[in-house]
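Input: a single structure, listed below in structure tokens.
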Amino acid sequence: MPVPHFTSHDLRRTVATRLVEIGVPYETVAAVLGHEVGGTHVRILMRHYVRTELLEQKYAALGAWDARLREILAGSGPQPKLISSAMNSVPELMRLT
């Protein structure tokens with residue numbers, strides 16, 4: 002299904018937004034997306050001294066996202082609604098809250 006003006010970043014934005022909405026901490030969302038967080042000193046600390054990939058946190062965050070998507074697809078849980086009626090050309094998954 003062709004969608005005008007759609008990029009892969011649209012999916013990244015949607016996932017990041019929805020993860021925050023379901024209570025995933027910003028630091029974990031950043032890790033899931035492959036971004037660094039914090040000021041210069043924190044980034045230097047993380048890059049040079051902290052040796053973790055936050056795998057457990059990423060796994061939990063993506064598990065929560067999977068559960069939310071399954072709720073949406075099953076029609077259970079909070080009912081999805083459009084973010085904006087002007088977004089009719091945006092894929093259904095991206096319009097759901």
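First residue of the sequence shown: 2, per the working numbering; consecutive thereafter.
From the three backbone atoms N, C-alpha and C, an ideal C-beta is built for every residue, glycine too.
Top-ranked residue by Cα proximity to residue i, from the options
i: G145; options: S9, R14, I23 and P5; result: No answer is possible for residue 145: it lies beyond the span of the chain, which begins at 2 and ends at 98.
i: L56; options: T15, L34, A75 and L74; result: L34
i: S62; options: P79, E28 and P5; result: Reading off the sequence shown, one finds Ala at residue 62, where the question assumed Ser. Ranking the options by Cα distance to A62, first place goes to E28.
i: T53; options: A68, H6, E37 and L70; result: E37
i: V16; options: L46, L74, T41 and D67; result: D67
i: Q58; options: P26, H49, R71 and L70; result: P26
Exposure label - residue i; buried when at least 16 CB within 10 Å
i: V30; result: buried
Simplified DSSP state of residue i, which is helix, strand or coil
i: R19; result: helix
i: G24; result: coil
i: R52; result: coil
Residue i - containing alpha helix (DSSP H), residue span
i: H49; result: T41 to H49
i: L34; result: Y27 to L34
i: L70; result: L56 to A75
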